[in-house]
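Quick note: the sequence shown uses the UniProt record's numbering, first residue 1, plus one each step. Some notes on the structure that comes next.
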Amino acid sequence: MVQGADRNTERRVVALRHEGEDAAARLPALLAEADRIAATVAQGVHGRRRSGIGETFWQYRHHRPEDGRAAVDWRQSAKSDQLFVRQNEWEAANTVSLWRDGSASMQFASSRNVPTKADRAAVCLIAVAALLTQGGERVSVLGESAIARTGALGLERVSRRLILGPGAAQSVEAPHISRFSRIVLSSDFLDPPETWAARLSRFAAQEANGVLLRIVDPAEEDFPYSGRTRFEAPGSGETLLFGRAEEARNAYRARWAQHGEQLAALARQFGWTMITHRTDRPATSAVLSLFKTLARDV
Numbered sequence: 001m002v003q004g005a006d007r008n009t010e011r012r013v014v015a016l017r018h019e020g021e022d023a024a025a026r027l028p029a030l031l032a033e034a035d036r037i038a039a040t041v042a043q044g045v046h047g048r049r050r051s052g053i054g055e056t057f058w059q060y061r062h063h064r065p066e067d068g069r070a071a072v073d074w075r076q077s078a079k080s081d082q083l084f085v086r087q088n089e090w091e092a093a094n095t096v097s098l099w100r101d102g103s104a105s106m107q108f109a110s111s112r113n114v115p116t117k118a119d120r121a122a123v124c125l126i127a128v129a130a131l132l133t134q135g136g137e138r139v140s141v142l143g144e145s146a147i148a149r150t151g152a153l154g155l156e157r158v159s160r161r162l163i164l165g166p167g168a169a170q171s172v173e174a175p176h177i178s179r180f181s182r183i184v185l186s187s188d189f190l191d192p193p194e195t196w197a198a199r200l201s202r203f204a205a206q207e208a209n210g211v212l213l214r215i216v217d218p219a220e221e222d223f224p225y226s227g228r229t230r231f232e233a234p235g236s237g238e239t240l241l242f243g244r245a246e247e248a249r250n251a252y253r254a255r256w257a258q259h260g261e262q263l264a265a266l267a268r269q270f271g272w273t274m275i276t277h278r279t280d281r282p283a284t285s286a287v288l289s290l291f292k293t294l295a296r297d298v
């Protein structure tokens, strides 16, 4: 019994090592792809000026009750019968926490012509991280980065974690974040909407919101199968056999659309934005939408 357990443990260690080596082998290619996408997107977006705690004056705005008395710029307010607050140009770095789902379903790719959902999610997040760090913002990987960083070092560490890290569900089920954090969750979001409602409610309790980057394989949306087809649930080994898969196509597509609508409704309910991206389409469009959404929300 002990020898059998030892052999099982050894096989598991070998399998994990090979898995890690395979992931590491993909690292340069994925980083190069993310860098190319970030460079392309950067040409289409411009730097933004935002209000913050820097020292460079930007504009005056009307005083709001939550600002308090100390925020009033009395010199400017004395020129009229209204109270004004002095806003400065943003110079303090913000933090964006990124998460790439590491569940078994994210390893799916329906053909050799499309990447796995996990790889596409990592590429999109790394490209966005590159754009954010270029703007002086700090990035971290949710549940894996102890310290949020900016610059080349921060990008390098975040990139490795997004490709090689576990992407554990614990990171979104019991998140450790600061209030008002901005989050990007990249997943296929195949868990029941109730599960995601509970997860987003935990972020809401900490007054954090952000973007759901939903990664979809084309076969998942189109259901192109016909004839005798066996489907296997990733990770569980459970199978489902169809004698004529095409007969289930309409019902499947309706259920798929309903699931997407429920996710979008959840995002709106909690003040998040959902972006859906298919792996058979250029990642550039997803990165551009994601970056613009983050820029708009701050």
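The beta-carbon is built from N, C-alpha and C at its ideal position, and this holds for glycine as well.
In chain order, what residues of the same chain have a beta carbon less than 7 Å from the beta carbon of residue i, not counting five sequence neighbours either side?
{"i": "residue 207", "result": "179 and 180"}
{"i": "residue 299", "result": "The structure shown does not extend to residue 299, since the chain is modelled only from 1 through 298, so no value can be given for it."}
{"i": "residue 288", "result": "41 and 44"}
{"i": "residue 197", "result": "266"}
{"i": "residue 8", "result": "none"}
Among the options, whose alpha-carbon lies nearest the alpha-carbon of residue i?
{"i": "residue 76", "options": "68, 70, 69 and 86", "result": "86"}
{"i": "residue 108", "options": "289, 284 and 278", "result": "278"}
{"i": "residue 281", "options": "113, 30 and 83", "result": "113"}
{"i": "residue 121", "options": "195, 215 and 285", "result": "215"}
{"i": "residue 130", "options": "39, 261, 25 and 177", "result": "39"}
{"i": "residue 116", "options": "272, 220 and 148", "result": "220"}
Who are the Cβ neighbours of residue i in its own chain at under 6 Å, not counting the five residues just before and after it?
{"i": "residue 185", "result": "99 and 212"}
{"i": "residue 27", "result": "163"}
{"i": "residue 226", "result": "245 and 246"}
{"i": "residue 218", "result": "278 and 280"}
{"i": "residue 300", "result": "Only positions 1 to 298 of the chain appear in this structure, which leaves residue 300 out of reach."}
{"i": "residue 71", "result": "85"}
Pull up the distance between the alpha-carbon of residue i and that of residue j, whole angstroms please.
{"i": "residue 164", "j": "residue 201", "result": "28 Å"}
{"i": "residue 235", "j": "residue 135", "result": "39 Å"}
{"i": "residue 118", "j": "residue 95", "result": "23 Å"}
{"i": "residue 93", "j": "residue 79", "result": "Low local confidence applies: a pLDDT of 43 at residue 93 is under 50, so the model's placement there is unreliable, with the coordinate-based value given in what follows. Spanning the two alpha carbons is a distance of roughly 33 Å."}
{"i": "residue 269", "j": "residue 11", "result": "46 Å"}
{"i": "residue 110", "j": "residue 229", "result": "14 Å"}
{"i": "residue 318", "j": "residue 127", "result": "There is simply no residue 318 to check, as the chain begins at 1 and stops at 298 in what is shown."}
{"i": "residue 142", "j": "residue 166", "result": "11 Å"}
{"i": "residue 237", "j": "residue 137", "result": "42 Å"}
{"i": "residue 294", "j": "residue 210", "result": "7 Å"}
Under three-state DSSP, which class holds residue i?
{"i": "residue 209", "result": "strand"}
{"i": "residue 190", "result": "coil"}
{"i": "residue 259", "result": "helix"}
{"i": "residue 133", "result": "helix"}
{"i": "residue 177", "result": "coil"}
{"i": "residue 296", "result": "helix"}
{"i": "residue 202", "result": "helix"}
{"i": "residue 291", "result": "helix"}
{"i": "residue 285", "result": "helix"}
{"i": "residue 276", "result": "strand"}
{"i": "residue 27", "result": "helix"}
{"i": "residue 147", "result": "coil"}
Please return the same chain residues whose Cβ sits closer than 8 Å to the Cβ of residue i, not counting the five positions on each side in sequence.
{"i": "residue 296", "result": "none"}
So residue i packs on residue j, CB below 8 Å; how close in whole Å?
{"i": "residue 232", "j": "residue 199", "result": "With 8 Å as the limit, residue 232 and residue 199 do not qualify as a contact, their Cβ atoms being about 26 Å apart."}
{"i": "residue 290", "j": "residue 275", "result": "6 Å"}
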